[in-house]
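J.:
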Amino acid sequence: MLVEKMRRNWILTAKEKEFIEDWMAVANGRMERIDFFKKWSTKKEGDFYEDYRKVENGEMSVEEFREKWGNGAWKGYIRVMRHRIERKRRNARRIMESIKEEMALMDRFMSLDEWP
12 MLVEKMRRNW ILTAKEKEFI EDWMAVANGR MERIDFFKKW STKKEGDFYE
62 DYRKVENGEM SVEEFREKWG NGAWKGYIRV MRHRIERKRR NARRIMESIK
112 EEMALMDRFM SLDEWP
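Under this note's numbering, the letters of the sequence shown match residues 12 to 127, in that order.
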């Protein structure tokens with residue numbers, strides 16, 4: 012009953028979890044990299060995916076594409092998501108260590124023959 016009432020995502024937001032699952036799909040070959048980037052890249056300066064397709068179709072040169080997208084601005088949101096996940100991972104490790112210590116303390120307390 013208590014488990015049913017607990018939050019589903021203790022550490023990650025639903026968006027962060029989806030981001031990780033999508034990248035795992037890329038790593039396992041179930042999703043193409045370009046589809047991942049289409050879904051998660053910044054769209055402030057235009058559509059990265061649309062320009063990528065223009066290069067494939069010969070409507071835009073590779074040099075034009077590199078000039079427009081070469082500075083990495085297209086992956087701004089991806090960079091933010093990676094940073095957020097890394098920060099949470101570091102914090103979660105510390106929290107897990109504290110939980111282990113407290114669980115050990117509770118176990119020792121509960122194993123005593125006499126309680127207050």
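Positions of the beta carbon are idealized from the N, C-alpha and C atoms, including for glycine. Owing to the predicted nature of the structure, the values given are computational and were not obtained by experimental measurement.
Measuring only from the beta carbon, is residue 99 closer than 7 Å to any heavy atom that is part of the ligand ZN?
T.: Here there are no bound small molecules, and the ligand ZN is not part of this structure.
J.: Go ahead and label residue 17 buried or exposed: buried means 16 or more other beta carbons lie within 10 angstroms of its beta carbon, across all protein chains shown.
T.: As a working mapping, residue 17 is identified with position 6 in the sequence shown. Residue confidence for residue 17 is low, a pLDDT of 49 falling below 50, so the modelled location carries little weight; the figure read from the coordinates is stated next. Exposed, because fewer than 16 other Cβ atoms sit within 10 Å of the Cβ of residue 17.
J.: Do you know how far the Cα of residue 48 is from the Cα of residue 26?
T.: Against the sequence shown, residue 26 aligns to sequence position 15. Against the sequence shown, residue 48 aligns to sequence position 37. Taking the straight line from one Cα to the other gives about 15 Å.
J.: Quick one: what's got a C-beta closer than 6 Å to residue 37's C-beta in the same chain, skipping five residues either side?
T.: For this step, residue 37 is matched to residue 26 along the sequence shown. Excluding sequence neighbours, residue 37 sits near 44 and 47.
J.: For a quick check, are the C-beta atoms of residue 89 and residue 51 less than 8 Å apart?
T.: To locate residue 89, count along the sequence shown from 1; it is residue 78. To locate residue 51, count along the sequence shown from 1; it is residue 40. It is a contact, given that the beta carbons lie within the stated cut-off.
J.: What is the rounded straight-line gap between the Cα of residue 105 and the Cα of residue 30?
T.: Within the sequence shown, residue 105 is the residue found at index 94, counting from 1. Within the sequence shown, residue 30 is the residue found at index 19, counting from 1. Roughly 23 Å separates the two Cα atoms.
J.: Within 8 Å of any Cβ in chain D, is that where the Cβ of residue 46 sits?
T.: Absent here is chain D; the protein component of the structure consists of one chain.
J.: Pull up the distance between the alpha-carbon of residue 21 and that of residue 119, whole angstroms please.
T.: The count along the sequence shown starts at 1 and reaches residue 21 at position 10. The count along the sequence shown starts at 1 and reaches residue 119 at position 108. Their Cα atoms are separated by approximately 27 Å.
J.: Using DSSP with H/G/I as helix, E/B as strand and the rest coil, what is residue 44?
T.: Walking along the sequence shown from the start, residue 44 turns up at place 33. Helix.
J.: Could you tell me which of 92, 125, 77 and 102 sits nearest to residue 33, measuring between CA atoms?
T.: Here residue 33 refers to the residue found at position 22 of the sequence shown. Considering only alpha carbons, the answer is 92.
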